[in-house]
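Peer 1: One structure coming up, written as C-alpha cells, with questions to follow.
Listed below in C-alpha cells is the structure:
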C-alpha cells in the first residue's frame with residue numbers, strides 16, 4: 020500500500036514491477052490511468068493545472084486505500100496523483116490493485132477511482148486556446164458512481 | 020484494436036505507449052494483467068503449460084474485441100495471451116482498454132476478461148512439486164461472471 | 274475407423290485432455306452419412322474404440338468447434354472441414 | 274477581520290476558486306465565540322467583506338474540512354486548528 024502526490028510523471032510498467040517483484044501470490048493486476056484530454060465541452064484546451072491540499076490529500080488517499088483493503092482481499096495497491104501544470108495527453112492519475120482474483124482487483128480499482136474523484140482534495144483548471152482558464156466543475160456522474168459503494172455499505176457487504 | 024498470441028512476455032508500459040502515443044482523445048486507460056500463481060488448491064505448482072487452438076484462438080479474441088467495441092465507446096484496445104511453458108509469477112494475459120471515460124474503460128476490460136475466460140480456446144496444465152501435471156478445471160465462477168453480460172444483452176443494453 | 278458406403282471425410286482435432294486420452298492431435302476420418310449433428314458425432318466417436326470411449330465418456334463436458342466456431346450439440350456438421358473437441362476453456 | 278471580547282484564533286485555508294475570490298490562500302482569524310458550527314462559520318464569513326460575500330455566495334456548494342477531514346455544516350468547530358474551504362473536488 021502506498022500513495023504519492025507528485026509533479027513528475029509515473030512509469031506504469033515500473034510501478035507494476037515494484038508491486039509484484041518476487042511474488043507468486045498475485046494472480047490479477049489492474050491499473051487505471053487517467054490522462055489529460057485535449058478537449059473540454061467541445062473546446063480545445065492547451066493545458067491543465069492541478070491544485071491540491073497538501074497534507075489532507077495524502078491523508079485522504081491513505082484513508083480510501085485502507086478502505087479498499089478492508090473491502091477486498093488485495094495483495095497490494097498504489098495511488099499516484101500528479102499536481103501542477105499538465106498538457107493534453109499527459110498522465111494525471113495512476114491506480115494499481117493486485118489480488119489473487121480478477122474480480123477483486125477490478126472492483127477495488129474502480130472503487131479507488133470513484134472515491135478519489137469525490138473525496139481527494141484536487142481541483143483542475145483548464146486553459147483554452149484564448150488563454151482563459153476555467154475551473155472544472157464537479158460531475159454529478161462522479162457522485163452517482165460513488166453512491167453505488169455506499170449502498171454496499173448499507174447492505175452490510 | 021489488436022490481438023496477439025505469443026510465447027514471449029509482454030511489456031505493459033510499452034503496450035500502453037503504443038496504444039496512446041500522440042493521442043489526446045483518451046482520458047482513461049485500464050489494463051488487466053493475469054499472472055501465474057505459485058499455488059493451486061493449496062498445493063505449490065512449479066510450472067504451467069498453456070495449450071491453445073491456433074487460428075480459432077485469434078478469431079475468438081478478435082470476435083470478443085469487436086463485441087467490446089460495439090458495446091462501449093473505446094478509443095483502443097489490446098489483447099495479448101501467452102502460450103507454452105510459464106513459471107509462477109510470470110505474465111499470462113494482458114488486456115488494455117482506452118476510452119474517453121473511466122467507466123467504459125473499466126467495464127470493457129472486465130467484459131474482455133470474462134469472455135476470454137469462457138470462450139477463447141486456451142487450456143492450462145499445472146505441474147506440481149511431485150512432477151505430476153494436471154489440467155486445470157473450468158471454474159463455475161467464470162461462467163457466472165460471463166452471464167451478467169448476457170443479461171445486459173437481453174435487456175437490450 | 275470404419276467408412277460406410279456413404280461417408281464424408283472431415284478433419285477432427287483434439288485438444289487438452291481430449292487429445293491426451295485419444296492419443297493424437299488430429300486425424301482425417303470418414304463420418305457415416307447418418308451422423309448429422311455434433312451430438313450424434315460425439316455419440317458415434319464413443320463407439321470407435323476404448324480411447325474414444327474414455328475421451329468422450331463425459332459427453333456433456335466436451336465442447337465442440339465447427340470450422341473454428343463454438344457450436345451446440347444440435348449443430349449440423351454438413352459442410353464442415355474441421356471439427357474440434359476440447360474441454361471447457363481455462364485461459365486468461 | 275474583527276475580533277470580539279471572546280474569540281478564538283484559527284487558521285482558515287482556501288482552495289481553487291474560493292482562494293481566488295478571497296484573494297489569499299490562508300489567514301489567521303479571530304472567530305467570535307457565538308460561531309459554533311461550520312455552517313455558522315460560513316454565514317459569518319459572508320459578512321466579512323465583499324470578497325468573502327462573493328466567495329461564499331453559493332454556500333451550498335462550498336465544502337469544508339476541519340483539521341484536514343471532510344465535515345458537514347453541522348460539525349462543531351471547537352478545538353479546530355485549521356479549517357479549509359473549497360469547491361467540490363475534481364481530481365482523478
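Chains as they are written, first to last, in the numbering used here: chain A, 20 to 176; chain B, 20 to 176; chain C, 274 to 365; chain D, 274 to 365.
For glycine and all other residues, C-beta sits at the position ideal for the given N, C-alpha and C.
Predicted model only: the values in this text are computed from it and were never measured.
8 Å is my cut-off, CB to CB: does residue 365(D) come that close to chain A?
Peer 2: In the fourth chain, the residue the question calls residue 365(D) occupies position 92. Chain A, which has a Cβ nearer than 8 Å to the Cβ of residue 365(D), makes this yes.
Peer 1: Can you find the residues in the same chain that come closer than 6 Å, C-beta to C-beta, to residue 134(A), ignoring five residues on each side of it along the sequence?
Peer 2: Position 115 of the first chain holds residue 134(A). Correct list, in chain order: 83.
Peer 1: Report the three-state DSSP secondary structure of residue 305(C) (helix, strand or coil).
Peer 2: In the third chain, counting from the first residue as 1, residue 305(C) sits at position 32. Looking at residue 305(C) - three-state DSSP - the assignment turns out to be strand.
Peer 1: If we require 3 or more residues per run, which beta strand (DSSP E) segments fall completely within the segment 105–133 of chain B?
Peer 2: Counting only runs of 3 or more, we get 110–118.
Peer 1: Can you pull the chain D neighbours of residue 143(A), defined as C-beta to C-beta under 8 Å?
Peer 2: In the first chain, counting from the first residue as 1, residue 143(A) sits at position 124. Near residue 143(A) (Cβ distances below 8 Å), the residues of chain D are 363 and 364.
Peer 1: Rounded to whole angstroms, what's the CA-CA distance from residue 96(B) to residue 296(D)? Just pull it up for me.
Peer 2: Stepping through the second chain from its first residue, residue 96(B) is reached at position 77. Stepping through the fourth chain from its first residue, residue 296(D) is reached at position 23. One C-alpha to the other measures close to 46 Å.
Peer 1: Rounded to whole angstroms, what is the Cα-Cα separation between residue 120(B) and residue 117(A)?
Peer 2: The count along the second chain starts at 1 and reaches residue 120(B) at position 101. The count along the first chain starts at 1 and reaches residue 117(A) at position 98. If I take the Cα positions, the gap works out to 22 Å.
Peer 1: Alpha carbon to alpha carbon, how far is residue 99(A) from residue 23(A)? Give it in angstroms, no decimals.
Peer 2: As a position in the first chain, residue 23(A) is number 4, starting the count at 1. As a position in the first chain, residue 99(A) is number 80, starting the count at 1. Between residue 23(A) and residue 99(A), the C-alpha separation is close to 5 Å.
Peer 1: What span of residues does the alpha helix (DSSP H) with residue 75(B) cover, start to end?
Peer 2: Your numbering for residue 75(B) matches position 56 in the second chain. From DSSP, the alpha helix (DSSP H) with residue 75(B) extends over 75–90.
Peer 1: In chain order, what residues of the segment 121–136 of chain A put their CB closer than 8 Å to some CB of chain F?
Peer 2: Among the chains of the structure shown, chain F does not appear; the protein chains present are A, B, C and D.
Peer 1: What are the partner residues of residue 287(D), as DSSP defines its beta bridges?
Peer 2: For the purposes of this step, residue 287(D) is taken as the residue at position 14 of the fourth chain. Answer is 358(D).
Peer 1: Pair every Cβ in the segment 121–129 of chain B with every Cβ in the segment 64–77 of chain B, then say whether three or more of these pairs are closer than 8 Å.
Peer 2: Flag = no, the segment 121–129 of chain B and the segment 64–77 of chain B do not touch.
Peer 1: Chain A beta carbons: is any one of them nearer than 8 Å to that of residue 159(B)?
Peer 2: As a first step, residue 159(B) is located in the second chain; it is residue number 140 there, counting from the start. Not closer than 8 Å to any Cβ of chain A, the Cβ of residue 159(B) fails to qualify, so no.
Peer 1: Could you name the residues of the same chain whose beta carbon sits closer than 6 Å to that of residue 154(B), not counting the 5 residues immediately before and after it, in chain order?
Peer 2: Position 135 of the second chain holds residue 154(B). 144, listed in sequence order.
Peer 1: Mind listing the chain A neighbours of residue 317(D)? Cutoff is C-beta to C-beta under 9 Å, in chain order.
Peer 2: On the fourth chain, residue 317(D) is found 44 positions in, with the first residue counted as 1. Result: empty, since nearest Cβ-Cβ is about 22 Å, beyond 9 Å.
Peer 1: By how many angstroms is the C-alpha of residue 315(C) removed from the C-alpha of residue 332(C)?
Peer 2: Mapped onto the third chain, residue 332(C) falls at position 59. Mapped onto the third chain, residue 315(C) falls at position 42. Distance between the alpha carbons of residue 332(C) and residue 315(C): 7 Å.
Peer 1: Kindly confirm or deny that the segment 75–89 of chain B and the segment 153–168 of chain A touch, where touching means at least three C-beta pairs closer than 8 Å.
Peer 2: As far as the Cβ criterion goes, the segment 75–89 of chain B does not touch the segment 153–168 of chain A, which means the pair count is below three.
Peer 1: Just to confirm my understanding: we take residue 94(B), look at its own chain, exclude 5 residues before and 5 after, and list those with CB closer than 8 Å. What are they?
Peer 2: The residue you call residue 94(B) lines up with position 75 of the second chain. Counting only Cβ-Cβ distances below 8 Å, and skipping sequence neighbours, we find 42, 44, 45, 117, 118 and 119.
Peer 1: Is the Cβ-Cβ distance between residue 114(B) and residue 51(B) less than 8 Å?
Peer 2: The count along the second chain starts at 1 and reaches residue 114(B) at position 95. The count along the second chain starts at 1 and reaches residue 51(B) at position 32. Contact flag set, yes.
Peer 1: Using a Cβ cut-off of 8 Å (strictly closer), state whether residue 75(A) contacts chain D.
Peer 2: Against the first chain, residue 75(A) aligns to sequence position 56. Yes, its Cβ sits closer than 8 Å to a Cβ of chain D.
Peer 1: Just how far apart, CA to CA, sit residue 309(C) and residue 319(C)?
Peer 2: Your numbering for residue 309(C) matches position 36 in the third chain. Your numbering for residue 319(C) matches position 46 in the third chain. Each residue's Cα considered, the two are about 15 Å apart.
Peer 1: Does any residue of chain D have a CB that is nearer than 8 Å to the CB of residue 97(A)?
Peer 2: Against the first chain, residue 97(A) aligns to sequence position 78. Cβ-Cβ to chain D under 8 Å: no for residue 97(A).
Peer 1: Can you give the beta carbon distance from residue 361(D) to residue 336(D), rounded, assuming they're within the 8 Å contact cut?
Peer 2: By 1-based counting over the fourth chain, the position of residue 361(D) is 88. By 1-based counting over the fourth chain, the position of residue 336(D) is 63. About 6 Å; that satisfies the 8 Å criterion.
Peer 1: Using only CA atoms, which one of 73(A), 76(A) and 147(A) lies nearest to residue 59(A)?
Peer 2: Mapped onto the first chain, residue 59(A) falls at position 40. The residue with the shortest Cα to Cα distance from residue 59(A) is 147(A).
Peer 1: Can the beta-carbon of residue 109(A) be found closer than 8 Å to that of residue 49(A)?
Peer 2: Position 90 of the first chain, counted from the first residue, corresponds to residue 109(A). Position 30 of the first chain, counted from the first residue, corresponds to residue 49(A). Not in contact: residue 109(A) and residue 49(A) (Cβ atoms no closer than 8 Å).
Peer 1: Residue 143(B) by DSSP, collapsed to three states: which one?
Peer 2: As a first step, residue 143(B) must be located in the second chain, where it is residue number 124. Residue 143(B) falls in the strand class under three-state DSSP.
Peer 1: Any beta carbon from chain B within less than 8 Å of residue 83(A)'s own beta carbon?
Peer 2: Residue 83(A) sits at position 64 when you count from the first residue of the first chain. Chain B, which has no Cβ nearer than 8 Å to the Cβ of residue 83(A), makes this no.
Peer 1: With 8 Å as the limit, tell me which residues of the segment 49–66 of chain A have their beta carbon closer than that to any beta carbon of chain D; keep them in chain order.
Peer 2: Correct list: 53.
Peer 1: Counting only the same chain and skipping the five closest in sequence on each side, list residues whose C-beta sits under 7 Å from that of residue 21(B).
Peer 2: Residue numbering aside, residue 21(B) sits at position 2 when the second chain is read from its first letter. The answer, listed in chain order, is 97.
Peer 1: So that I know if they touch, is there some Cβ in chain A lying closer than 8 Å to that of residue 346(D)?
Peer 2: Position 73 of the fourth chain, counted from the first residue, corresponds to residue 346(D). Cβ-Cβ to chain A under 8 Å: no for residue 346(D).
Peer 1: Bridge partners for residue 98(A) per DSSP, in chain order?
Peer 2: For the purposes of this step, residue 98(A) is taken as the residue at position 79 of the first chain. Bridge partners of residue 98(A): 22(A) and 114(A).
Peer 1: Starting from residue 52(B) and walking both ways along the alpha helix (DSSP H), at which residues does that stretch end?
Peer 2: Numbered from its first residue, the second chain carries residue 52(B) at position 33. Where residue 52(B) is concerned, there is no enclosing alpha helix (DSSP H), although the beta strand (DSSP E) it sits in stretches over 47–54.
Peer 1: Closest to residue 151(B) by C-alpha separation, out of 68(B), 40(B), 37(B) and 33(B), would be which residue?
Peer 2: Start at 1 with the first residue of the second chain, and residue 151(B) comes out as number 132. Cα-wise, what sits closest to residue 151(B) is 68(B).
Peer 1: Would you mind sorting residue 352(D) into buried or exposed? The rule is 16 or more other CB atoms within 10 Å of its CB.
Peer 2: Along the fourth chain, one-based indexing puts residue 352(D) at 79. Label assigned to residue 352(D): exposed.
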